[in-house]
């Protein structure tokens, strides 16, 4: 694969592209820095606004917008995240210019019609109810709140909670959008059936019309963390969810790559690393048992997720504790680490086989400033990690003493701790 | 796209699709067995067998499949459907032999160690219990149970918990031996390879396997439904749900192109398989406008479940808070009636056709999605069924959409499940 093309337009927008000739269509992913970090105390406004961007523009009603987009067979979605307002979509060579024009229109001139504000308010409130009834989501949300306390954007509910959802007004949404969505900080990564001429004529030209200075809004540093346990009884459910976690590192931290490998071996590789092998394969306790690493600009979180029959809650928590302890008593072996490194190098081919995956990776490279040669350098970065650094990261971060535990579901009186 | 098809002497059909400029390879082996081949008391056995095929046997020790694939950075998984069971590995193309060896061993040599079968019992039950946490699963399971009284589509692929608690190792192993053979399977390879070279490797891996007696055909036919069937579930939950399913013909039927467009006009299109669609939510369709735009629902979806045997076209609605299910059902009825009374406009039908055409391309995103698309189509009728289907979709006239709405979306062939969310106990 050649290095991606990167260009900065006169309006400050960054355009990253990569041709993938065997793909019969175009995928794109992009962002503006208008996620939760930009909300300040106005919690929930970023999520609310993101859901209204397909709600019509000053030129087009929501219905007309949907008809135009789907009339050319394209897709366009907006998602709010902790740091960014993210958009993604699919189209073809023939429809890319029109799709980008629609994207720019949605970002530059959203109408936030009163009718749709009320529709989205209802959807957000329903989502709160649905999430409250889902043990897996509740457990994870509670863990994030513990790891990033004091309503930090990395830890709080993006929806802001029911009270906030009821209070947000159209004017709040319009002023948030006005302040934070513009061409400054805009990134668009586009891949597939593209070439330089198409990018210039059908993508850069409509994008150049997008203007607006957005206020930069980096997230605040995560506040101090104190580990604790929480239990969310939901007696009407069949399965209980266990999540364990603690703060991790930011994407640019020196510990990021050793921890990435440690997490891979602990709870991701194959059918979910050491955790999956023990809790699922050996003990037969769970259908899913895995760990995750979520690294962002100023911090991150690692977590373990396990779903079990309530009668196996104690055994499963003991099993998690046992695997965490084993990282010290029986650190990753030489072959285990070699397999992990080989997995990461090989996965470059496999994890970037889809158009949409390549667009997402190019977007990450630009957002985190990893450089357009990042994928070329990645094997070297991984192979250059010392075994001791990987073992040390595992011991340092997957530490029961500094971890929090959340149980949700039909947990009865059982309150096991790590 | 150039595709090479050949059958080995032992009956294994091989479908090779080389993709220039890609370094990845996706290998799919699909067996013509699903939960439609199960009998009462053994529901979920096909899915349980699928789980056992990750546990080694023959040349593969326990854990070795996982190890061989993960060390090359590959991904692998398997899916049990009502109509078929499929196993895949997506790996660097240079590791083709690894995937072929795994699949060849899996075909006849799985170990089914009694201890491992027992350990997996709690895993499959756990998978079911995780699904039970979602009211949508409970509602859909009820819908299929209501719509099919004779045909095995009555139960879902995961099976009933009571059966999973009682099934023994020996019947599971017999189920495996009966259906897992080269003459009841096909292999799909998509990715960066030369077809002649790949075919040679396929022969080396699979030719030594002997064909087995053909498994007994599934002979059960669902009798015609006479009269609407209804069920009301009252369980703790967050929101009310409404699921309606109408009997529709199998995938290979001549009415499928018009039904694809009926589905799209009513609820939007997300591809023949749902894998590529992700969170995409179509909004230019009639039910979205009538229910979500009107604030009666927060989500609506319509899908024609494509199957070997006559199946269901399902509309599913997540209701907005404090909206009555009766009211939503009346709107659903009104929209169905509107389709039965008058054909869609040319503009509306053109928009629907454009969506179907575009999704055909989006479903070709990478080797893994192409692998599942080819495998699904071959299991249902023929690996290349999408192109002729698309051509027929292009030729469907507005009146044909109205006609299939009149023929199939009738109350006497409909089953309705209403999930009434009860307040969650404190």
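Chains as they are written, first to last, in the numbering used here: chain D, 1 to 418; chain P, 1001 to 1426. We treat Cβ as the ideally placed atom computed from N, Cα and C, and that holds for glycine. Small disclaimer: the values here were computed from a predicted structure and weren't measured.
- According to the DSSP assignment, residue 1304 of chain P belongs to the beta strand (DSSP E) that extends over 1297-1304.
- Residue-level contact check: residue 1066 of chain P touches chain D, since one or more beta carbons of chain D fall below 7 Å from its beta carbon.
- Look at the beta carbons and you see the segment 281-298 of chain D touching the segment 252-265 of chain D: at least three pairs across the two are nearer than 8 Å.
- In the three-state reduction of the DSSP assignment, residue 83 of chain D falls in the coil class.
- Along the segment 287-313 of chain D, the positions whose C-beta sits under 8 Å from a C-beta of chain P are 287, 288, 307, 308, 309 and 312, read in chain order.
- At a cut-off of 7 Å between C-beta atoms, residue 1087 of chain P does not count as an interface residue with respect to chain D.
- Within 9 Å of the CB of residue 1158 of chain P, no CB atom of chain D is found; the nearest one sits about 10 Å away.
- Chain-order list of chain P residues neighbouring residue 48 of chain D: empty, with the shortest C-beta distance near 14 Å, by a criterion of under 9 Å.
- Residue 1280 of chain P has a beta carbon lying within less than 7 Å of a beta carbon in chain D.
- Counting of Cβ neighbours within 10 angstroms places residue 1077 of chain P among the exposed residues, the total staying below 16.
- Just so you know, the alpha carbons of residue 1382 of chain P and residue 1080 of chain P end up roughly 19 Å apart.
- Linking residue 152 of chain D to residue 36 of chain D through their CA atoms gives a straight-line distance of about 9 Å.
- For residue 90 of chain D, a Cβ of chain P is located within less than 7 Å of the residue's own Cβ.
- Non-local C-beta neighbours of residue 1065 of chain P in its own chain, meaning closer than 7 Å and more than five positions away in sequence, comprise 1054, 1056 and 1102, ordered along the chain.
- Secondary-structure assignment with DSSP links residue 290 of chain D through a beta bridge to D/305.
- In chain order, 1358, 1361, 1362, 1364 and 1365 make up the part of chain P whose C-beta sits under 9 Å from the C-beta of residue 25 of chain D.
- Here residue 314 of chain D is exposed, its C-beta having fewer than 16 other C-beta atoms within 10 Å.
- Residue-level contact check: residue 394 of chain D does not touch chain P, since none of the beta carbons of chain P fall below 7 Å from its beta carbon.
- Within chain P, the residues whose beta carbon sits less than 9 Å from that of residue 134 of chain D are 1133, 1134 and 1238, listed in sequence order.
- If you look at residue 1048 of chain P, you'll find it in the alpha helix (DSSP H) that goes 1045-1052.
- Secondary-structure assignment with DSSP links residue 1017 of chain P through a beta bridge to P/1190.
- Taking 7 Å as the cut-off, the Cβ atoms of residue 321 of chain D and residue 193 of chain D do not count as close.
- When C-beta distances to chain D are compared with 8 Å, every residue of the segment 1035-1051 of chain P stays at or above that value.
- The distance from the Cβ of residue 177 of chain D to that of residue 33 of chain D is about 13 Å, inconsistent with a contact at the 8 Å cut-off.
- Out of D/339, D/242 and D/333, the CA that lies nearest to the CA of residue 1071 of chain P is found in D/339.
- Cα atoms of residue 1144 of chain P and residue 1197 of chain P: separation of roughly 45 Å, rounded to the nearest angstrom.
- Taking C-beta separations shorter than 8 Å and ignoring five residues to either side along the sequence, the partners of residue 1405 of chain P in its chain run 1262, 1336, 1339 and 1340, following chain order.
- When C-beta distances to chain D are compared with 7 Å, the residues of the segment 1019-1032 of chain P below that value are 1019, 1020, 1021, 1022, 1023 and 1024, in chain order.
- Bridge pairing for residue 1076 of chain P: P/1089 [DSSP].
- The three-state secondary structure of residue 121 of chain D, taken from DSSP, is helix.
- Not a single C-beta of chain P is nearer than 7 Å to the C-beta of residue 84 of chain D.
- Counting only residues of its own chain and dropping the five nearest sequence neighbours on each side, residue 1105 of chain P has a CB closer than 6 Å to the CB of 1058, 1059 and 1060.
- From the listed residues D/411, D/418, D/413 and D/390, the smallest Cα separation to residue 403 of chain D is found for D/418.
- For residue 1308 of chain P, no chain D residue has a Cβ inside 8 Å of its Cβ, as the nearest lies near 27 Å away.
- At least one C-beta of chain D is nearer than 7 Å to the C-beta of residue 1075 of chain P.
- Counting only runs of 3 or more residues that sit fully inside the segment 26-105 of chain D, the beta strand (DSSP E) segments are 26-32, 75-80 and 85-91, in chain order.
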